[in-house]
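Novice: These protein sequences, in sequence, are chains U and A.
Basically our numbering = 1-based index in the first sequence + 53.
Basically our numbering = 1-based index in the second sequence + 14.
The C-beta atom is built at its ideal place from N, Cα and C for all residues, glycine as well.
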Amino acid sequence: MAQSTTRGDRLHGALMLIGVLAMCAYWIAFFVSDVTKPNVALIDPLDPAAFMRVYMGFESAFPLADGFVAVTSALAIFYLAAKDPKAVLFGLVGSGALMFLALIDIYFNVLNGLYRPSRLWADSGLQMEMAINIICVALSVASVIRFWSHPLRRT
Amino acid sequence: MLSDAPLRCLVISLALGSLCELVSSRLRLWRYASQATLLANVVVMFGLVQGVLIAGLVGGTRPLAEIVPLLFMLGAVIGLIYEGLNEFVVHGWTWSDAPLLGLTRSSDKAAAVGVLWGLAPVTAAILSRSLSLF
Numbered sequence: 054m055a056q057s058t059t060r061g062d063r064l065h066g067a068l069m070l071i072g073v074l075a076m077c078a079y080w081i082a083f084f085v086s087d088v089t090k091p092n093v094a095l096i097d098p099l100d101p102a103a104f105m106r107v108y109m110g111f112e113s114a115f116p117l118a119d120g121f122v123a124v125t126s127a128l129a130i131f132y133l134a135a136k137d138p139k140a141v142l143f144g145l146v147g148s149g150a151l152m153f154l155a156l157i158d159i160y161f162n163v164l165n166g167l168y169r170p171s172r173l174w175a176d177s178g179l180q181m182e183m184a185i186n187i188i189c190v191a192l193s194v195a196s197v198i199r200f201w202s203h204p205l206r207r208t
Numbered sequence: 015m016l017s018d019a020p021l022r023c024l025v026i027s028l029a030l031g032s033l034c035e036l037v038s039s040r041l042r043l044w045r046y047a048s049q050a051t052l053l054a055n056v057v058v059m060f061g062l063v064q065g066v067l068i069a070g071l072v073g074g075t076r077p078l079a080e081i082v083p084l085l086f087m088l089g090a091v092i093g094l095i096y097e098g099l100n101e102f103v104v105h106g107w108t109w110s111d112a113p114l115l116g117l118t119r120s121s122d123k124a125a126a127v128g129v130l131w132g133l134a135p136v137t138a139a140i141l142s143r144s145l146s147l148f
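(1) Tell me whether Pro204/U sits in a helix, a strand or coil according to DSSP, three-state version.
(2) Does any residue of chain A have a CB that is nearer than 8 Å to the CB of Pro91/U?
(3) If you drop the 5 nearest sequence neighbours on each side, which residues of the same chain put their C-beta closer than 7 Å to that of Val190/U?
(4) Taking 6 Å as the limit between beta carbons, can you name the residues of its chain near Val122/U, skipping five residues before and five after?
(5) Return the CA-CA distance between Lys139/U and Gly132/A, expressed in angstroms with no decimal places.
(6) CB-CB under 8 Å to Gly61/U, same chain, minus the five flanking residues each way: which ones, in chain order?
(7) Using the beta-carbon of each residue, which ones in chain A are nearer than 9 Å to Cys77/U?
(8) Give me, in chain order, the residues of the same chain whose beta-carbon lies closer than 7 Å to that of Gly144/U; leave out the 5 immediate sequence neighbours on both sides.
(9) Which bits of chain A does Val18/U rub up against, with CB to CB less than 8 Å?
(10) Checking the sheet assignment: what are the DSSP bridge partners for Leu117/A?
(11) Drop a sphere of 10 angstroms on the beta-carbon of Glu182/U, count the other beta-carbons inside from all chains shown, and report buried for 16 or more, exposed for fewer.
(12) Could you give the residue range of the alpha helix (DSSP H) that holds Tyr108/U?
(13) Evaluate Pro83/A with the Cβ neighbour count: other Cβ atoms within 10 Å of its Cβ, from every protein chain shown; 16 or more gives buried, anything less gives exposed.
(14) 8 Å is my cut-off, CB to CB: does Gly98/A come that close to chain U?
(15) Tell me whether Tyr46/A sits in a helix, a strand or coil according to DSSP, three-state version.
(16) Within its chain, find whatever has a CB closer than 8 Å to the CB of Val63/A; leave out the 5 residues flanking it on each side and keep chain order.
(17) Roughly how many angstroms separate the alpha carbons of Leu117/A and Leu95/U, rounded to a whole number?
(18) Just to confirm, are Gly166/U and Lys90/U a CB contact at a threshold of 8 Å?
(19) For Gly202/U, collect the residues of the same chain with a Cβ closer than 6 Å to its Cβ; drop the 5 residues on either side in sequence, then sort them by chain order.
(20) Compare the Cα-Cα distances from Val126/A to each of Glu97/A, Pro135/A, Arg143/A and Leu21/A and report the closest residue.
(21) Where do the N-terminal and C-terminal ends of the beta strand (DSSP E) with Trp107/A fall, by residue?
(22) Note down, in chain order, each residue of its chain lying with its Cβ closer than 7 Å to the Cβ of Tyr168/U, except the 5 sequence neighbours on either side.
(23) If we count the other Cβ atoms within 10 Å of its Cβ and call it buried at 16 or more, is Thr137/A buried or exposed?
(24) Report the residue ranges of all alpha helix (DSSP H) runs contained in full by the region 174-198 of chain U; include only those spanning at least 4 residues, in chain order.
(25) If Arg206/U and Val141/U are in contact, beta carbons under 8 Å, what's the gap, nearest whole angstrom?
Here it is in structure tokens:
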């Protein structure tokens, strides 16, 4: 546990912290505004209310699991700063959980036609959703690779 | 009186903070560098951040079952940042040798307490809703 914090650790920690804070901001926005919600009239013009019920039911199931990802990732950042091997444990747990949640979200969007180019082009809520999905997958893969090869794993 | 949710959460969180500090002082769990830090911990972190901002404003009047996971997430993430800043940068308080939840290393204690901060806005929101019934 005597290693110094490297530039890579600082960058990794900063990216994870931005991700955790963005996750918190997303859920605050979800509960206090409509900015994160898709334009349901565009997705299902015949029965937008029915689609909204399905969408809200699906999305409302995420905060507890997202909370788990946010807290384990924050613990990974904390222990990375402490140069403690527990950073690897919490980092891998948080990154794996993030990938799991991202894949559930992506497949829901694919099955319900939310990623059709015509809809994506016309709806900023869906554009944000897709950007979040891509960032979650990329950050999760990069984090798993980096934590698995981190020197703290061998201490 | 106290009909406003953020105000109720402020009062409840200040009471929670005072209770935590009283218990920790009796058990000698941590020691503050100055009395001003203790006051800031109770008033700013417990009262304003966890109480008014998270439990009162984010929690609002939404159903508890919907909002509790978000309140815990926000409280714990901010708590971990707060404990991390103290542990690695500010050193406003130091941990005693007494074990906390079976933990003996100061960084482990700080991490555990950081996560436990998540209970502060949850408790404030639950008590605030209960008080509003009377």
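Specialist: According to the structure shown:
(1) Taking the first residue of the first sequence as 1, we reach residue 204/U at position 151. Pro204/U: helix per DSSP, three-state reduction.
(2) The sequence position of residue 91/U within the first sequence is 38, counting from 1. Cβ-Cβ to chain A under 8 Å: no for Pro91/U.
(3) As a working mapping, residue 190/U is identified with position 137 in the first sequence. Around Val190/U: Met152 and Ala155.
(4) By 1-based counting over the first sequence, the position of residue 122/U is 69. Once the five neighbours on either side are set aside, the close Cβ partners of Val122/U are Gly147, Ala150 and Leu151.
(5) Translated into positions along the first sequence, residue 139/U becomes position 86. Translated into positions along the second sequence, residue 132/A becomes position 118. Roughly 20 Å separates the two Cα atoms.
(6) Translated into the one-based positions of the first sequence, residue 61/U becomes position 8. So the qualifying residues of the chain are Arg199.
(7) Residue 77/U sits at position 24 when you count from the first residue of the first sequence. The answer, in chain order, is Leu84, Met87, Leu88, Val91 and Ile92.
(8) Within the first sequence, numbered from 1, the residue matching residue 144/U stands at position 91. These residues qualify, in order along the chain: Ala129, Ser196 and Phe200.
(9) Lying outside 54 to 208, the shown extent of chain U, residue 18/U is not represented and no answer is given.
(10) Your numbering for residue 117/A matches position 103 in the second sequence. BP columns for Leu117/A point to Leu114/A.
(11) By one-based count along the first sequence, residue 182/U stands at place 129. Residue burial is scored here from C-beta neighbours: Glu182/U has at least 16 other C-beta atoms within 10 angstroms and is therefore classed as buried.
(12) Start at 1 with the first residue of the first sequence, and residue 108/U comes out as number 55. Note, Tyr108/U: alpha helix (DSSP H), Pro101 to Glu112.
(13) Your numbering for residue 83/A matches position 69 in the second sequence. That one is buried.
(14) Along the second sequence, read from residue 1 onward, the residue named residue 98/A stands at position 84. Yes, its Cβ sits closer than 8 Å to a Cβ of chain U.
(15) The residue given as residue 46/A occupies position 32 in the second sequence. Tyr46/A: strand per DSSP, three-state reduction.
(16) Your numbering for residue 63/A matches position 49 in the second sequence. Excluding positions up to five away in sequence, the list reads Ile92.
(17) Here residue 117/A refers to the residue found at position 103 of the second sequence. Here residue 95/U refers to the residue found at position 42 of the first sequence. Each residue's alpha carbon lies about 54 Å from the other.
(18) As a working note, residue 166/U is residue 113 in the first sequence. As a working note, residue 90/U is residue 37 in the first sequence. Against a cut-off of 8 Å, the Cβ pair of Lys90/U and Gly166/U comes out as no contact.
(19) Numbered from 1 along the first sequence, position 149 holds the residue referred to as residue 202/U. It is worth fixing the name first, because residue 202/U is Ser in this sequence and not Gly. So the list is empty, once near-sequence residues are dropped.
(20) For the purposes of this step, residue 126/A is identified with residue 112 of the second sequence, where counting begins at 1. Rather than Val, the amino acid found at residue 126/A in this sequence is Ala. The option with the nearest alpha carbon to Ala126/A is Glu97/A.
(21) Reading the second sequence from its first residue, position 93 is the one you call residue 107/A. Element bounds for Trp107/A: Trp107 to Trp109.
(22) Along the first sequence, one-based indexing puts residue 168/U at 115. Taking C-beta separations shorter than 7 Å and ignoring five residues to either side along the sequence, the partners of Tyr168/U in its chain run Asn162 and Met183, following chain order.
(23) Position 123 of the second sequence, counted from the first residue, corresponds to residue 137/A. Per the 10 Å Cβ criterion, buried.
(24) none
(25) What you label residue 206/U is simply residue 153 of the first sequence in a count that begins at 1. What you label residue 141/U is simply residue 88 of the first sequence in a count that begins at 1. With a contact defined as Cβ atoms closer than 8 Å, Arg206/U and Val141/U qualify at about 5 Å.
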